[in-house]
Amino acid sequence: VDAAKDSGTGEIAKVNPEAAAKPAAKEAIDKAAADKKAAIDARDDLTQEEKDAAKSTVDAEASKAKDAVDAATDQAGVDTAKDSGTSEIAKVNPEAAAKPAAKEAIDKAAADKKAAIDANNDLTQEEKDAAKATVDAEASKAKDAVDAATDQAGVDAA
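In UniProt numbering, the protein residues as written are 1 to 158.
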């Protein structure tokens, strides 16, 4: 009896299942987050501040998804948490605001200046055309500087 008991408890002690579903789900969530953050970093239309804010949102969604995976009690719950989390991460699509706003301000300033040039009756048409061409060239340079800026300070300076 003792031998059978010892053998049985020994075999029971050897049973040590390896967790696979939850770690795999978390790995999929981490990969989705890393891919999304790389895509955000690759966007030239965003300032660094806009990129940082979007990546923080990605991190928050990934954390929520992993918490949901941990809370799941069965495979269906793990799958739902993983799918929902990766879907929320994929939805993070920051809108570029700083650069378009700066370009709009440049366009408005150029239009205002050209209107003032047109209203100046002391200038000949040729002088007006030359001045407006200079305004257009300066506006184009300013927009190029906005495009080249990587952060809000650079956009503001441009």
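For every residue, glycine included, the Cβ atom is placed at its ideal position computed from N, Cα and C.
Nearest residue (CA-CA) to residue i, options the options
i           : options             : result
residue 113 : 100, 85, 23 and 138 : 138
residue 75  : 21, 108, 101 and 27 : 21
residue 144 : 158, 13, 80 and 83  : 158
residue 25  : 79, 140 and 38      : 79
residue 63  : 33, 151 and 102     : 33
residue 93  : 147, 40, 23 and 29  : 40
residue 102 : 36, 122 and 148     : 148
Under 9 Å between C-beta atoms of residue i and residue j
i          : j          : result
residue 99 : residue 46 : yes
residue 86 : residue 65 : yes
residue 84 : residue 68 : yes
Backbone secondary structure at residue i - three-state DSSP
i           : result
residue 95  : coil
residue 1   : coil
residue 158 : coil
residue 151 : coil
residue 122 : coil
| Along the chain, which unbroken stretches of the alpha helix (DSSP H) at least 4 residues long are found entirely within the UniProt domain "DUF1542" (21-96)? | 21-41, 48-71 and 75-91
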